[in-house]
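The structure appears right after this line, and notes come after that.
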Amino acid sequence: MTAITSTTAVPAAPVARPATYALSATEKRLVGLNVLVAVLALFIGSLFGPLQALEHARVDLYPLLQPLLKSYYQGLTLHGVLNALVWTTFFITGFFTLTIPFALRRPLAAPKLNWAGFIVQTLGLLTAAVPILLNQASVLYTFYPPLQAHFTFYVGLTLVVVGSWIQGYGFYITFYRWRKDNPGVRSPLMALGSVITMVLWQIATLGVAVEILTQLLPWSLGLLKGVDPQLNRTYFWFTGHPLVYFWLLPAYVSWYTMLPKQVDGKLFSDALARFAFWLFLFLSVPLGFHHQYVDPGVPPMWKYIHAILTYAVAFPSMLTAFTVIASLEVGGRARGGKGLFGWIPALPWRTPSVNHQLLAGILFFLGGIGGIVNASYNVNLVVHNTAWVPGHFHLTVASAVTLSFMGIAYWMVPHITGRTLWAPKLAVIQGWVWFVGMLIFATAQHRVGLLGAPRRTPLGQAPYVPASWQPWTFLTAIGGVILFVGVILFVVIILVTVLRKPAHPSQVPAIPEAEALQDPQLTPAWLDRWAPWLVATVALILIAYGPQLIYQIANMSNTSPGFNNIW
Amino acid sequence: MTPSQTPQPSLQIDRYERGWMIAAIVLLATFALAVTVAGAAMGIQLPAPELRVNPQTVASEGPFAQPGVRELAPGRYEAYIMSQTWLFIPREIKIPKGSEITLYVTSKDVQHGFKLEGTNINMMVIPGQVSRLTFRAEKPGTYNFICHEYCGLGHAAMFGTLIVTE
Chain X
1 MTAITSTTAV
11 PAAPVARPAT
21 YALSATEKRL
31 VGLNVLVAVL
41 ALFIGSLFGP
51 LQALEHARVD
61 LYPLLQPLLK
71 SYYQGLTLHG
81 VLNALVWTTF
91 FITGFFTLTI
101 PFALRRPLAA
111 PKLNWAGFIV
121 QTLGLLTAAV
131 PILLNQASVL
141 YTFYPPLQAH
151 FTFYVGLTLV
161 VVGSWIQGYG
171 FYITFYRWRK
181 DNPGVRSPLM
191 ALGSVITMVL
201 WQIATLGVAV
211 EILTQLLPWS
221 LGLLKGVDPQ
231 LNRTYFWFTG
241 HPLVYFWLLP
251 AYVSWYTMLP
261 KQVDGKLFSD
271 ALARFAFWLF
281 LFLSVPLGFH
291 HQYVDPGVPP
301 MWKYIHAILT
311 YAVAFPSMLT
321 AFTVIASLEV
331 GGRARGGKGL
341 FGWIPALPWR
351 TPSVNHQLLA
361 GILFFLGGIG
371 GIVNASYNVN
381 LVVHNTAWVP
391 GHFHLTVASA
401 VTLSFMGIAY
411 WMVPHITGRT
421 LWAPKLAVIQ
431 GWVWFVGMLI
441 FATAQHRVGL
451 LGAPRRTPLG
461 QAPYVPASWQ
471 PWTFLTAIGG
481 VILFVGVILF
491 VVIILVTVLR
501 KPAHPSQVPA
511 IPEAEALQDP
521 QLTPAWLDRW
531 APWLVATVAL
541 ILIAYGPQLI
551 YQIANMSNTS
561 PGFNNIW
Chain Z
1001 MTPSQTPQPS
1011 LQIDRYERGW
1021 MIAAIVLLAT
1031 FALAVTVAGA
1041 AMGIQLPAPE
1051 LRVNPQTVAS
1061 EGPFAQPGVR
1071 ELAPGRYEAY
1081 IMSQTWLFIP
1091 REIKIPKGSE
1101 ITLYVTSKDV
1111 QHGFKLEGTN
1121 INMMVIPGQV
1131 SRLTFRAEKP
1141 GTYNFICHEY
1151 CGLGHAAMFG
1161 TLIVTE
C-alpha cells in the first residue's frame, strides 16, 4: 500500500502544540466517577442477561428471584436500560472528559458545568431506578405507550439526558475556547470526533425530549387523558437510531485516534477520518423510519426515503473500515509483519486493549452486514421484531461498542487511578470469552429469528414454539452464560486494578495518541469547519423528517389511555 | 478578501482508498436498486396508512365490532382481527388454498405485533391505527400468527392460527 505523499508546503501552525497534557485531579475524578457508574450499570444489567437466555432454553430462574424481581419483563427492562442506555452514556461522557482536554492540551473550561451535568445525570439514574426496581416501570427501554410507567421513570430518563447535555456544554465551551486561541490550526481529530458525537446526541435526543415532555410525562401525571402511540413511536425513533451512532462513534474515536498508536501504526488518513465523522453527523438522524417500516401510520414513501438515507450512512462506516484497517496494517508492518496478511498476526494481540478492539471490529463486520439487511426496506419484513434484531444489536452495541469500551477501560482506568492493570493475560482471555460467547449467542438469535421467533418474548413459556427453534434457543442460553462469565471477569479485573497499590508513575499507562501519516494541517479546511456541516445537518432533518412530523403532529389524536397494571 | 499566505490544501485520497470508496458506493447503490425493484416491480410493499380509529370505541362500533373472516367473492377474503391483551380475535382463520386475503388488524389497548410464521407478512399493531396487508395463500397448512411486540405479562401466549385448506 502506498502512503500519501505531498508536495504541498505544510502551513505552519501559529501556536506550537504542547507535547502532552496531564489531566487535572478533578478531571480524573470526573472521568473515574462517570466510568464507575457505567461499570456498575453494566454489572447489574448483565445479571439479567443469562436469566433471559436460560429462560429461552426453558430453565426459568425468575421464580427463584421473587419477591426481588416480579417477572421476565422487569428483568428485561433492567437489562436494556442499564446496559444499552446507562453503561454507554456514562462511559461516553467519562471517556470524552479525558479525550477532549487531553487532545486540546488544555483543562476543561468550565469544570463546574461538567460536574453539574454528571450530578444531574446520576440523580436521573437513581430517580428512574426506583420505579423500575418496584416493578412500576416494566416498559422495556423503548417505553412504548400506552404502556404507562410511573411518572418518576420519565422524570429520571429526562434528567439523564439533560445531564449528558450539560456535560456536553462543558465540552463545547472547552472546544470553542481552543478554537478561538488557535486560528488556522486543524482541530485535533480526537477532540473533534468527541465533540461531533456530543452534538449528534444533542440533536438526536430532541425526539425523546419532546415525546416525554409533551406526551408521556403529562399523561403519567394525569394531566393528559390520552396519548397518540403512533406519534410517540415517530418521536422515539427520531432519537432511537442516532442513539446507536452516539454509542458507536466513541469507539471510532478510539479506533481512529488511539488504536493505531497502540499497534505502532499511524492514522492512514486524517482527512477521510474527519469526513466520516461529519457524514455521521449529517446522516444519522433522518433514518428513524427504518425502525418503523411496518408501522401502519407512516406512508411508504417516507419509509423508502429513510431506507435510502440508511444505505448512505453505511458509507462512512465502510470508509472507517478501510482507514482503520490500513492504519493497523501500517502498525503490523512496522512490527515486522510481511506478506499480504502477515501484518495481522504481527499486531499486539496480547495487549488486552488492542485485542478487545480488534475482536470488536471483527464482530462489527458481521453486525454491519445484518444491519444492511435490517435497513433493506421490504427485506426487513422477514426480520422485523424477531429475535434476529437482538442478535444484531448484540453484535453492534454489545460487541463493537462494549468490547471497545472494555478495551479502552483497560488503559483508561489504570491511567486515571495511577495503577497498572491487574492480570493482563486474564484480560486478553476475557475478550476472547466475550467473542466466543457472542458468536454463539448472536448466531443462535439470528437463526431463530429467521425461523420466526419474536423478540422480547420468554419463549420458554410460549405455547407456539416448534421443535425447529429449540436447538437455537438452547445455543442462546449457552452463549448467554459464556457472555455472563465474560462480563464478570471484566468487572473483577477492573475492581482489582482499582484496589491495587498505586504504581510507580513510569509504570502507569499513558493515553495513546496516534499520529497521522500526513500532517493534519494538510487536511482541507472544509473538513474542519462547523457551520456548513451543521447547516446541512439541520436542513436534511427538516427535509427528511419535517413534512411527516408536521403531518403527524397536526393530526395527533390523544385517544390512548395508559395501561400500568398489566405486567 | 485577502489572499491567504499559504495555498489551501486540497483533499488527497490514496488510490486504493479511492477504489474502495467507489466500490462501497456501487455496492450500496446496488442494494438500493434491489429493494426498489422488489418494491416497485415485484410489489413487495410495506403497510401504509389505512384508517384511524378510536381505540376506546373500536371494539363496539365499526367493522371491528364483529371481527372475523368474510368472503367477498369466490377466492377473495377479508379478515378483521382485533388484538387485545393477550389474544387475537378471531383466534383461527380458515381459507382455501389459492385464495387472496386482506388482513385488517387493530388494537383496543396497547401495542401489539403480527407476524405470520415463515412469511414476510409482518405488521405493527398500534392503537388508533389499522394495519392492512394483502397476500395469496398458496400452500396448504397451519400457520401461526404471533404477537411480536411486548404487551404485558401474557405476551408470550398471544398468537392465532391461519389454516389454509386443500
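Chains as they are written, first to last, in my numbering: chain X, 1 to 567; chain Z, 1001 to 1166. Just so you know, even glycine gets a beta-carbon here, dropped at the ideal spot from N, CA and C.
Cβ-based burial, residue i [other Cβ within 10 Å; buried from 16]
i, result
"R456(X)", "buried"
"Y245(X)", "buried"
"Q430(X)", "buried"
"L340(X)", "exposed"
"H1155(Z)", "buried"
"E1166(Z)", "exposed"
"G288(X)", "buried"
"I305(X)", "buried"
"N555(X)", "exposed"
"P505(X)", "exposed"
"I511(X)", "buried"
"K112(X)", "exposed"
"M966(Z)", "Not covered by the structure: residue 966(Z). The range shown for chain Z is 1001 to 1166."
"R233(X)", "buried"
"P466(X)", "exposed"
Proximity to residue i [Cα-Cα], best of the options
i, options, result
"I119(X)", "Q167(X), R179(X), Y464(X)", "Q167(X)"
"A128(X)", "R105(X), L85(X), L113(X)", "L85(X)"
"L33(X)", "F171(X), W422(X), T89(X)", "T89(X)"
"G1128(Z)", "T20(X), L159(X), D295(X), K112(X)", "D295(X)"
"T1134(Z)", "F1114(Z), G1075(Z), I1101(Z), H1112(Z)", "I1101(Z)"
"K573(X)", "W349(X), Q507(X), S269(X), S376(X)", "The question about residue 573(X) has no answer, for chain X in this structure spans 1 to 567."
"P345(X)", "L248(X), V263(X), H241(X)", "V263(X)"
"N565(X)", "A427(X), L140(X), F96(X), L147(X)", "L147(X)"
"R274(X)", "M190(X), G80(X), I212(X), P299(X)", "M190(X)"
"L395(X)", "W411(X), L426(X), G480(X)", "G480(X)"
"G1098(Z)", "H1148(Z), K1139(Z), S1131(Z)", "K1139(Z)"
"N1120(Z)", "H384(X), A516(X), A536(X)", "H384(X)"
"F405(X)", "Q445(X), P512(X), W247(X), P463(X)", "W247(X)"
"I44(X)", "A516(X), F490(X), A514(X)", "F490(X)"
"F151(X)", "Y144(X), G222(X), R177(X)", "G222(X)"
"E55(X)", "F474(X), A423(X), A25(X)", "F474(X)"
"D1109(Z)", "I173(X), G75(X), D228(X)", "D228(X)"
"G1113(Z)", "Y1077(Z), G1152(Z), R1018(Z)", "G1152(Z)"
Same chain, Cβ closer than 7 Å to residue i, five either side skipped, listed in chain order
i, result
"S399(X)", "A360, L363, F364, G367, M438"
"G331(X)", "P260, V263, D264, G265, L347"
"P242(X)", "L200, A204, S284, V285"
"I482(X)", "V433, V436, G437, I440"
"V139(X)", "T77, L147, A149"
Own chain partners of residue i with C-beta closer than 6 Å, once the 5 adjacent residues on each side are dropped
i, result
"T1002(Z)", "Low per-residue confidence applies at T1002(Z): pLDDT is 46, beneath 50, and the placement is therefore not dependable, though the value from the model is reported in the following sentence. Closer than 6 Å at the Cβ level, and outside the excluded window around T1002(Z), lies no residue."
"R419(X)", "T497, R500, A503"
"V389(X)", "R455"
"Y1104(Z)", "Y1080, V1130, R1132"
"M198(X)", "G168, F171"
"L1116(Z)", "Y1143, F1145"
Contacts around residue i, its chain only, beta-carbon distance under 8 Å, and the 5 residues preceding and following it disregarded
i, result
"L527(X)", "A271, R274, F275, W278"
"Y141(X)", "T77, G80, V81, A84, L85"
- Task: Quick one: which residues of the region 1021 to 1042 of chain Z get their C-beta closer than 9 Å to a C-beta of chain X? List them in chain order.
- Result: M1021, A1023, A1024, I1025, L1027, L1028, A1029, F1031, A1032, A1034, V1035, T1036, A1038, G1039, M1042
- Item | Within 7 Å of chain Z by C-beta, residues of the region 541 to 559 of chain X in sequence order | S557, T559
- Of the residues that make up the region 1046 to 1080 of chain Z, which ones have a beta carbon closer than 7 Å to any beta carbon in chain X? L1046, P1047, A1048, P1049, E1050, R1052, N1054, P1055, Q1056
- Item | Positions along the region 118 to 142 of chain X whose CB lies within less than 7 Å of some CB in chain Z | L140
- Which residues, in order along the region 31 to 61 of chain X, keep a beta-carbon less than 7 Å from a beta-carbon of chain Z? none
- Query: Which residue spans inside the region 200 to 263 of chain X form an unbroken beta strand (DSSP E) run of at least 3?
  - Reply: none
- At what residue ranges does the region 79 to 114 of chain X contain a whole run of the alpha helix (DSSP H), taking only runs of 4 or more? 88 to 104
- Please name the residues in the region 1119 to 1140 of chain Z whose beta-carbon is closer than 7 Å to at least one beta-carbon of chain X, in chain order. N1120, N1122, M1123, M1124, I1126, P1127, G1128, Q1129, V1130, S1131
- Query: Using a Cβ cut-off of 8 Å, which residues of the region 1008 to 1021 of chain Z contact any Cβ in chain X, in chain order?
  - Reply: Q1008, P1009, S1010, L1011, Q1012, I1013, D1014, R1015, Y1016, E1017, W1020, M1021
- Task: Taking a Cβ distance cut-off of 8 Å, strictly less, list which residues of the region 326 to 339 of chain X are near chain Z, in chain order.
- Result: A326
- Query: Curious, which full-length beta strand (DSSP E) runs of at least 3 residues does the region 1036 to 1119 of chain Z contain?
  - Reply: 1068 to 1073, 1076 to 1084, 1087 to 1089, 1092 to 1096, 1100 to 1107, 1112 to 1116
- Selection of the region 294 to 323 of chain X by Cβ proximity to chain Z, strictly under 8 Å: V294, D295, P296, G297, V298, P299, P300, K303, Y304, A307, I308, Y311, A312, A314, F315, M318, L319, F322, T323
- Hey, which unbroken runs of the beta strand (DSSP E) at 3 residues or more fall wholly within the region 334 to 400 of chain X? none
- Where the region 371 to 404 of chain X meets chain Z: residues whose CB sits under 9 Å from a CB there: I372, A375, S376, Y377, N378, V379, N380, L381, V382, V383, H384, N385, T386
- Task: Return the residues of the region 197 to 228 of chain X that lie within a Cβ-Cβ distance of less than 7 Å from chain Z, sorted by chain order.
- Result: D228
- Item | Contacting positions in the region 438 to 460 of chain X - beta carbon closer than 9 Å to chain Z | L451, G452, A453, P454, R455, R456, T457, P458, L459, G460
- In chain order, what residues of the region 1079 to 1101 of chain Z put their CB closer than 7 Å to some CB of chain X? T1085
- Just list the beta strand (DSSP E) runs in the region 393 to 442 of chain X, keeping only unbroken ones of 3 residues or longer that don't cross its boundaries, in chain order. none
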